[in-house]
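S.K.: After the structure tokens below, expect a handful of questions from me.
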């Protein structure tokens, strides 16, 4: 490192010389503290320049391409909501026919993955295309105004699952998309979170090395839709992992081959109370609110048991250790 | 951009073109790098910034680390051994698991410099530079001399003794070996400090003459006279003061004959003499009305000695009767045969002021051959009677200037209100040298403001891991017989681990968090250090002001400020 102080560092020059590959550039129109924008940059950074992207409709597509501008630094194509899987399949077949080794990525939000685009993804997986599909999960249709999706967690408030006399937020449970995807007998399917950038990169690199369909599911807090300060996006994401509500796991051909252990599981209340979408569970004396809090705690406890998440010793890669910093930034490698 | 290419409306856009749009216009608050003092820095009486030298050591630059350290404190091998390290009491890591072993790192660097004979980094002052006289070659005098040199002044240190070190030689060898004192002071003098030995103020020269011959005079005579002590006006004939015995032991290596003794006082001198007596087979009590110190629950009337020293004394067999005082001396003729002691405590009155209260009915007798007071020392006034005016200490302002005198300054144990530690003396010396340099340049002395400190709540400790504190090896009690130093320094491996424990409070750790986590790529990493001392630059063209970087900064180095 050069220790000479320099007051006249050229911003222009610095932007051009960042020691990392950025698949998404600045100037995109994501909200303040957007988890998805961060996740997409981390994914493209690890995937590298030799990729093409098919992107389903959703926040990511909207905020990166306000016509006539684009924030993408890699070949990128917008499909429609339901067919990112199909477009990616076609791209992959075309590149294969040309004898090119460029990897195809498919990006979708939880709406485009869990609900609308599901049949196309299922087909892509079943046909065994060499595509890495990345689902940026912000747990509702945020782009269109926070409507519930099948990824919205139980009891969360959205505009289409409002709490009231009938229901305490969303009635149904969050769909276990990872197991469903893995049931296609694909070589690799994993979950990860923006709270652990090194984990995202590690998993993207692993998936990039696999010839065949792979799937990465990234938990991305949405400050607007979840109702928390944009400054807290990482904190909220970390708590989702530390409470057990979002298990960070890896599956190979349906087998659980790895999980990020939770060193000290935190009560779900710590996660829920940071978000306005769960405020009805705290602002009422309603007995149903208490029940729902217990229900969500039970879901977390079930995850911890089911995926064997409880850590027994201090592990450098557990939910507390995986984000440890060192002087000089070595941990993010 | 290829403008000739005809494209379908809405169907195509060139990559990276979003950069034309500056999302920075959305911002209502802006992140800013803001250095704030780590508590170790704010609480160091010498003014050291441990975070700064630990960072250099952690980056694999031990010599630069030492140079950073001695730019403030020229005696690290010494203070690393004897300082009560308020830095560690302040250390934010103490709220997380255990404070950093800063004193051990300081000592390690000091010892390393001795081992490698590193030269003190300073350029020689010009031949026509003003010449400063420093009286006393103890820690305050040596520190002042060093900092005068660093400020481009010539300097001569005068001392009564044949070699530099002063009061440092009265600290027992098992805590601070004389060899260490010599190794450090001799190398320091070689940096360009003139030393005149066997000089006594009032004998060789008086203060007036010094003032006439030199541009400024710094007095650091220490406190070489013991405070007067008696019980209701009665003193035994063969009274030996603690400091006197320590000095005698250092010079002659012998103690007056005794089987049992009681030491009065709760400071480091009392502990030192008690431990020395125990080593010489004397059954020793310490009597003190204060409380035993507990770093976790400090009390206003805690014993002033370092808890570590007290614990080691207890281990070695010193018996401490705290919350006790002497009521009466039992004399056979003028010789002591024992003391009558009584339980007492310092208790607050209605105004919260502490007073000693003795509890009737708790008197008991302790048979001893010697009563040894170690209740404090005062300035020897010889040669500066006009300055001290019969007081016990010299009165100075915050910059060390003696009231009513243009070019006389003072520091160290001799000044009023000094805590009596080596580190504080080093701090006085540094501040005063700075004041002298500014005065000589006809600059006014600014008001000293306390630094803005970064607290535990300002850190994001999610990014740190618990790790046990490195402890120095301590000689088992059975082997603590002679002069052998009790505590060993840390090994290289221990130091490496320990430096990594530093939170780097209030300063950039170069951890890449802000750069990695900004969703807008608005934090840029730089190879050259930016003007604010970090390797990151905020790109305000795109920063939306979300505050994520500030929230996730582990060290509290990023602050959000309004920006409308």
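Protein chains in written order, with this note's numbering: chain Z, 38 to 370; chain H, 13 to 576.
Using N, Cα and C, we set each Cβ at its ideal position, and we do this for glycine too.
Since we're looking at a predicted model, the values are computed, not measured.
#1: Following a CB-centred definition, is residue 76 (chain Z) positioned closer than 7 Å to any heavy atom of the ligand SAH?
#2: Going along chain H in order, which residues have a C-beta closer than 7 Å to the C-beta of residue 108 (chain Z)?
#3: Once the 5 residues before and after residue 574 (chain H) are set aside, which same chain residues still bring their CB inside 6 Å of it?
#4: Ends of the beta strand (DSSP E) at residue 44 (chain H)?
#5: How big is the Cα-Cα spacing for residue 311 (chain H) and residue 84 (chain H)?
#6: Among H:26, H:140, H:48, whose alpha-carbon lies nearest the alpha-carbon of residue 462 (chain H)?
#7: Check the Cβ of residue 362 (chain Z) against every Cβ in chain H and list those closer than 7 Å, keeping chain order.
#8: Taking its Cβ as the centre, do 16 or more other Cβ atoms sit within 10 Å of residue 116 (chain Z), making it buried, or is it exposed?
#9: Which of the three DSSP states is assigned to residue 113 (chain Z) in this structure?
#10: So who's on the other strand from residue 360 (chain H), going by DSSP bridges?
#11: Looking only at its own chain, which residues have a Cβ that is under 8 Å from the Cβ of residue 78 (chain H), when we skip the five neighbours before and after it?
#12: Specify the secondary structure class of residue 129 (chain Z) as computed by DSSP and reduced to three states.
#13: From residue 260 (chain Z) to residue 528 (chain H), what distance separates their C-alpha atoms?
#14: Counting Cβ pairs closer than 8 Å, one from the region 192 to 211 of chain H and one from the region 141 to 160 of chain H, do we hit at least three?
#15: Please identify the residue among H:285, H:399, H:46 whose C-alpha is closest to the C-alpha of residue 416 (chain H).
#16: In its own chain, which residues sit with a C-beta less than 7 Å from the C-beta of residue 346 (chain Z), not counting the 5 before and 5 after it?
#17: Where residue 572 (chain H) and residue 268 (chain Z) are concerned, what is the direct C-alpha to C-alpha distance, given to the nearest angstrom?
#18: Can you pull the chain Z residues whose beta carbon is under 9 Å from the beta carbon of residue 104 (chain H), in chain order?
#19: My understanding is that residue 552 (chain H) touches residue 36 (chain H), with C-beta atoms under 8 Å, so please give their C-beta distance in whole angstroms.
#20: Do the CB positions of residue 93 (chain Z) and residue 118 (chain Z) come within less than 8 Å of each other?
#21: In whole angstroms, give me the CA-to-CA distance for residue 71 (chain H) and residue 284 (chain H).
#22: Does any residue of chain H bring its CB to less than 8 Å from the CB of residue 263 (chain Z)?
#23: Within the continuous alpha helix (DSSP H) that includes residue 158 (chain Z), where are the two ends?
#24: Please list, in chain order, the chain Z residues whose beta carbon lies closer than 7 Å to that of residue 26 (chain H).
#25: Can you tell me where the beta strand (DSSP E) with residue 296 (chain Z) in it begins and where it stops?
#26: Is DSSP giving residue 284 (chain Z) helix, strand or coil here?
#27: Suppose only complete runs of 3+ residues qualify. What are the beta strand (DSSP E) ranges in the region 97 to 169 of chain H, listed by chain order?
#28: Could you have a look at residue 227 (chain H) and say whether DSSP puts it in helix, strand or coil?
#29: Would you please verify whether the beta carbon of residue 531 (chain H) is less than 8 Å from any beta carbon of chain Z?
#30: Do three or more CB pairs link the region 377 to 396 of chain H to the region 341 to 349 of chain H at distances below 8 Å?
#31: Given that a residue counts as buried once 16 or more other Cβ atoms are within 10 Å of its Cβ, and exposed if not, what is residue 489 (chain H)?
#32: In this structure, does DSSP put residue 385 (chain H) in helix, strand or coil?
#33: Cα-Cα, which of H:29, H:26, H:24, H:34 is closest to residue 555 (chain H)?
#34: I need the DSSP call for residue 477 (chain H), collapsed to helix, strand or coil.
#35: I want to see whether chain H comes within less than 8 Å of residue 242 (chain Z), judged by CB atoms only; does it?
#36: What's the call for residue 24 (chain H), buried or exposed, on a 16-neighbour Cβ count within 10 Å?
M.R.: Quick look at the numbers:
#1: Absent from the structure shown: the ligand SAH. Ligands present: none.
#2: 30
#3: 41
#4: 41 to 45
#5: 30 Å
#6: Comparing Cα positions, the closest option is H:48.
#7: 475, 521, 523, 525, 566
#8: buried
#9: strand
#10: H:366
#11: 65, 88, 121, 122, 124, 125, 130
#12: helix
#13: Roughly 19 Å between the two C-alpha positions.
#14: yes
#15: H:399
#16: 281, 284, 296, 298, 299, 340
#17: 10 Å
#18: Residues of chain Z passing the Cβ test: none, with the nearest at roughly 15 Å.
#19: 5 Å
#20: yes
#21: A direct Cα-Cα distance of roughly 38 Å separates residue 71 (chain H) from residue 284 (chain H).
#22: no
#23: Start and end: 155 to 164.
#24: 107
#25: 292 to 296
#26: coil
#27: 143 to 147
#28: coil
#29: yes
#30: yes
#31: exposed
#32: strand
#33: H:34
#34: coil
#35: no
#36: exposed
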